[in-house]
Amino acid sequence: MTRSWKDAALALAAVGLLACGETQQAPASAEAPGERVASSLARSTDAAPRADLDAAVLGHTQFALDLYKKVAPPGGDDVFLSPYSISSALSMTYAGAVGETKEAFEQTLNISLAPDAFHRAMNHLDRELGRHEELTSTQQLFVQTGLGMETPFLDVMAREYGADVRLLDFAREHERSRQEINRWVDTRTEHRIPELLSEQDIDASVRVVLVNALSFKASWKQAFDEKLTADRPFHGADGTQTLVRTLRSPEMELRAARLNGVDVVELPYDGDALSMVILAPPAGQLAAFEASLDADLLANAIASLSDDKVSLSMPAFEIRGNANLDRPLQELGLAKAYGDADFSAMTKEAALQIKTVVHQAFIHVDEKGTEAQAATAVVLGERAASSELNLDRPFVFLIRDRATGAILFLGRLVTP
535 MTRSWKDAAL ALAAVGLLAC GETQQAPASA EAPGERVASS LARSTDAAPR
585 ADLDAAVLGH TQFALDLYKK VAPPGGDDVF LSPYSISSAL SMTYAGAVGE
635 TKEAFEQTLN ISLAPDAFHR AMNHLDRELG RHEELTSTQQ LFVQTGLGME
685 TPFLDVMARE YGADVRLLDF AREHERSRQE INRWVDTRTE HRIPELLSEQ
735 DIDASVRVVL VNALSFKASW KQAFDEKLTA DRPFHGADGT QTLVRTLRSP
785 EMELRAARLN GVDVVELPYD GDALSMVILA PPAGQLAAFE ASLDADLLAN
835 AIASLSDDKV SLSMPAFEIR GNANLDRPLQ ELGLAKAYGD ADFSAMTKEA
885 ALQIKTVVHQ AFIHVDEKGT EAQAATAVVL GERAASSELN LDRPFVFLIR
935 DRATGAILFL GRLVTP
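Rendered as structure tokens:
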């Protein structure tokens, strides 16, 4: 069954939780402007089996590390991205894929569950993360006015992702449509990502844009004393030494470890539900460590952590990441979705393919805590430690949910 809407346009209303309650189905000939179109289903509150949730998180973790290796080549600069934002947007897109295109998503995202079970597990994970007041994740679809979308697809969007649909006229007003989407992202990322989509990303052939916006702001459980912040040496990957603004705490109650020469430390945020994990290999060994990094190594590193009193020094830093993910995703197995794709479970009225997947992320770390935002857009168009731990060298870091193990943000610091 297909739903089709004619002559409707985007409504600039808050949409993050609109699909969480009962919604009314828009009539087939909704009048512009300001009409919101959504499934009549409320967001599901059903829990996924623990085994399914664990399987989804394991696949997500491996995807995060696989993607990281593609976007963080050896010898490169600072890197920061949100694997959770990226996988959320791609998982929504996966719901509309059929046949070999569907199989390509399963390979790329490391999906081992049946589709219904996978989307249920993603919903469970997203709702669990939504319990943390420090974290906000929002999904939204923007669809070409008049394009009929498949009812089962829209039901999955509403039931498992809390996402509804806003109608835009990409065909006749693609620049205005781009600006509307960017404004939506800007307001949901604390104005840290004002222009997710460039002029090159959106043209008259675009028919569907699936977006995730993620915002995080949390205080350290144990804040650093600003009076102890000072310029201290940081030893770069190339052997150079630079003075950088460095946070210091002479005694912190943390979980730390040294595993095969790699210093590992976990810095919890207030409330203990979320934490930053830092993995600092020996000087000059960042590239080798990154090449070996996989889900098992990360799990072993986190399992090795134990309570310790740590005198910690680490740089304050800020990173802006801006990535076109097309080549990395195609190298990971998603090439089919960019070519002769089949998204007929999403719509049968247009032959869609992925035009581009864009991602931006921002992080700021200081004495008080961490602020991070990220946004991802999938654009579909018609084809044509020890007692003294000094983090004075490059390191890999991630922000994770401690209960599920989900990686929310992932990056490396090379030049603070």
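Using this note's numbering, the first residue of the sequence shown is number 535, and each one after it goes up by one. C-beta atoms are modelled at their ideal positions from N, C-alpha and C, and glycine is treated no differently. All of these numbers come straight from a predicted model, not from anything done at the bench.
Same chain, Cβ closer than 8 angstroms to residue i, neighbours up to 5 away in sequence not counted
| i | result |
| --- | --- |
| GLU865 | LYS604 |
| LEU793 | ASN834, ALA835 and SER838 |
| ALA829 | LEU592, THR595, GLN596 and LEU599 |
| THR536 | Annotation note: pLDDT 44 at THR536 (below 50); position unreliable, coordinate value reported separately. The residues are GLY682, MET683, GLU684, THR685, THR881, LYS882 and GLU883. |
| PHE931 | MET810, VAL811, ILE812, LEU813, LEU944, GLY945, ARG946 and LEU947 |
| GLU556 | Residue placement at GLU556 cannot be trusted, given a pLDDT of 27 that sits under 50; what the coordinates show is reported in the next sentence. The answer, listed in chain order, is SER574 and ALA576. |
| LEU777 | ASP765, ARG766, PRO767 and PHE768 |
| ALA821 | PRO608, GLY609 and ALA771 |
| ASP506 | Shown here, the chain extends from 535 to 950; a query on residue 506 therefore has no answer. |
Beta-carbon spacing of residue i, residue j below 7 angstroms
| i | j | result |
| --- | --- | --- |
| VAL844 | LEU914 | no |
| PHE951 | GLY945 | Residue 951 falls outside the range modelled here, since the chain spans only 535 to 950, and no answer is possible. |
| LEU675 | ALA697 | yes |
| THR635 | ASP876 | yes |
| PHE943 | ALA906 | yes |
| GLU694 | HIS653 | yes |
| GLY867 | GLN641 | yes |
| GLU668 | PHE750 | yes |
| VAL571 | VAL743 | no |
| ALA629 | LEU587 | no |
| ALA857 | ARG779 | no |
| HIS708 | ALA807 | no |
| LEU663 | ASP935 | yes |
| ALA879 | VAL632 | yes |
Cβ neighbours of residue i in the same chain (closer than 6 angstroms, five flanking residues each side left out)
| i | result |
| --- | --- |
| ARG782 | LEU762 and SER847 |
| ALA908 | SER616, SER619, LEU748 and ALA895 |
| LYS870 | GLU634, THR635 and ALA638 |
| ASN1012 | A query on residue 1012 cannot be resolved here, the shown segment of the chain reaching from 535 to 950 and no further. |
| VAL956 | With the chain represented from 535 up to 950, any question about residue 956 goes unanswered, as that position is not in the structure. |
| HIS898 | GLU852 and GLU905 |
| GLU760 | GLU901 |
| GLY939 | VAL591 |
| ALA919 | Bear in mind that a pLDDT of 44 at ALA919, under 50, signals an unreliable position, so the number given afterwards is only what the model happens to contain. Hits under 6 angstroms: ALA790, ASP797, VAL799 and VAL844. |
| GLN558 | In this predicted model, GLN558 has a pLDDT of only 29, less than 50, meaning its place in the structure is not dependable; the value taken from the coordinates is given anyway. Closer than 6 angstroms at Cβ, skipping near neighbours: no residue. |
| GLU922 | SER845 |
| PRO784 | SER845 |
| ILE933 | MET810, LEU942 and PHE943 |
| SER753 | ASP804, LYS902 and GLY903 |
| THR670 | SER749 |
| ARG854 | PHE896 |
Counterpart residues of residue i in DSSP-defined beta bridges
| i | result |
| --- | --- |
| LYS843 | GLU787 |
| PHE639 | Paired residue(s): none; PHE639 is not in a bridge. |
| PRO728 | Answer is none; PRO728 lacks a bridge partner. |
| THR672 | ALA747 |
| TYR803 | TRP754 |
| MET810 | LEU801 and ILE933 |
| GLY952 | No statement about residue 952 is possible, as the shown extent of the chain runs from 535 to 950 and does not include it. |
| THR890 | VAL913 |
Nearest residue (CA-CA) to residue i, options the options
| i | options | result |
| --- | --- | --- |
| ARG712 | ALA871, HIS725, ASP735 and VAL690 | ASP735 |
| ARG584 | LEU647, ALA576 and ARG577 | LEU647 |
| THR579 | LEU624, THR595, HIS658 and THR627 | HIS658 |
| ASP650 | ASP689, THR670 and GLN641 | ASP689 |
| MET626 | MET691, ARG710, VAL799 and ARG741 | MET691 |
| ARG717 | ASP935, PRO950 and GLU729 | GLU729 |
| ASP660 | ILE645, ALA581 and VAL892 | ALA581 |
| ARG917 | GLY770, ALA885 and GLU733 | ALA885 |
| PRO608 | LEU624, SER622 and SER826 | SER826 |
| ALA623 | GLY818, ALA589 and ILE888 | ILE888 |
| ARG710 | GLU733, THR949 and VAL632 | GLU733 |
| MET786 | LEU831, PHE823 and ASP842 | ASP842 |
Residues near residue i in its chain [Cβ-Cβ closer than 7 angstroms; skip 5 each side]
| i | result |
| --- | --- |
| ALA705 | GLN678 and ALA738 |
| PRO862 | LEU601, LYS604 and VAL605 |
| ILE727 | VAL719, ASP720, GLN894, PHE896, GLN907 and ALA909 |
| THR774 | none |
| LYS755 | PRO802, TYR803, ASP804 and ASP806 |
| SER621 | HIS594, PHE597 and LEU643 |
Residue i beta carbon near the ligand FAD (any heavy atom closer than 6 angstroms)
| i | result |
| --- | --- |
| VAL912 | With respect to the ligand FAD, the structure offers nothing, as it holds no ligand at all. |
Note down, one range per segment and in chain order, each alpha helix (DSSP H) of at least 4 residues found wholly within the stretch 892 to 933. Runs of the alpha helix (DSSP H) inside the stretch 892 to 933: none found.
Just list the beta strand (DSSP E) runs in the stretch 741 to 794, keeping only unbroken ones of 3 residues or longer that don't cross its boundaries, in chain order. Contiguous beta strand (DSSP E) elements confined to the stretch 741 to 794 occur at 764 to 769 and 775 to 793, taking only those with 3 or more residues.
Please specify which runs of the beta strand (DSSP E), each continuous and at least 3 residues long, are wholly inside the stretch 649 to 694, giving them in chain order. Counting whole runs of 3 or more residues, the stretch 649 to 694 contains the beta strand (DSSP E) stretches 669 to 678.
Mind pulling the alpha helix (DSSP H) runs of 4 or more residues that sit fully within the stretch 812 to 880? Counting only runs of 4 or more, we get 820 to 826, 829 to 837, 860 to 863 and 869 to 872.
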